[in-house]
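S.K.: First, the structure itself, so that you have it in front of you.
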Amino acid sequence: MENTFIKATKRIGYTLLGLFLAFVVYANLEPAPMHSYVKPISMTIFKVDGLTSPEQVNSVKEKVSLHDGVTACGANPVSELVSITFDPDQTSEGSLRKLVGNITGRPVQAAVFKTDGPPSPQCPVPQEYIMAFEKVKYALCFR
């Protein structure tokens with residue numbers, strides 16, 4: 387009985403070691419892409435009703451770009467949209483919404499984009515699992 391347990395434990399151990407080594411080989415088949423070396427950023431798009439003049443657009447872009455954590459800001463007077471990319475560790479979507487509202491003096495809502503037809507199929511695997519898998523893969527890449 388004890389001998390069978392030891393054999394089973396060894397088989398399980400060797401199997402797990404083999405799977406780990408196979409994953410290390412898989413991780414090193416190609417170098418990690420450049421995006422795995424940079425810190426992730428977030429993006430938000432706001433709808434600002436009445437943002438139509440080029441002067442207002444330039445003012446919003448300049449003032450929002452100076453805010454801590456903002457990496458880029460763009461505004462479109464035709465669609466009345468303001469898009470902002472930012473570092474989520476330094477600022478938040480709520481503070482950026484307040485900032486844009488203070489600059490324009492107008493109500494700011496999150497932009498809503500409607501699609502025609504049925505929604506596209508979604509991946510059944512949660513995004514967090516995919517990101518965790520990629521982080522482990524890039525950590526085991528020795529290239």
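When we follow this note's numbering, the leftmost residue of the sequence shown carries the number 387, and every step to the right adds one. Backbone N, C-alpha and C define an ideal beta-carbon position, used for all residues, glycine too.
Let me check understanding here. Comparing Cα to Cα, which of ALA461, CYS509, VAL456 and PRO510 lies closest to ILE427?
M.R.: VAL456
S.K.: Check whether the segment 403-423 and the segment 447-462 are in contact - that is, three or more C-beta pairs closer than 8 Å.
M.R.: no
S.K.: According to the neighbour-count rule (16 or more other Cβ atoms, all chains shown, within 10 Å of its Cβ), is LEU405 buried or exposed?
M.R.: With fewer than 16 Cβ atoms within 10 Å of its Cβ, LEU405 is classed as exposed.
S.K.: Taking only three categories from DSSP, how would you classify PHE499?
M.R.: coil
S.K.: For the beta strand (DSSP E) holding ASN536, just list the boundary residues, first then last.
M.R.: Nothing can be reported for residue 536: it is not among the residues displayed for the chain, which extend from 387 to 529.
S.K.: If you follow the beta strand (DSSP E) that MET429 is part of, which residue opens it and which one closes it?
M.R.: 428-434
S.K.: Just how far apart, CA to CA, sit GLU448 and VAL498?
M.R.: 24 Å
S.K.: Is THR477 near the ligand NAD - that is, is its Cβ less than 8 Å away from at least one heavy atom of it?
M.R.: Absent from the structure shown: the ligand NAD. Ligands present: none.
S.K.: Which same chain residues, not among the five before or five after PHE528, have their C-beta less than 7 Å away from its C-beta?
M.R.: ASN414
S.K.: Report the residue from THR438, SER465, LEU482 and ALA408 whose alpha carbon sits nearest the alpha carbon of ASP473.
M.R.: Cα-wise, what sits closest to ASP473 is LEU482.
S.K.: Just verifying my parser: in three-state terms, what is the DSSP assignment at THR471?
M.R.: Note: THR471 maps to strand in three-state DSSP.
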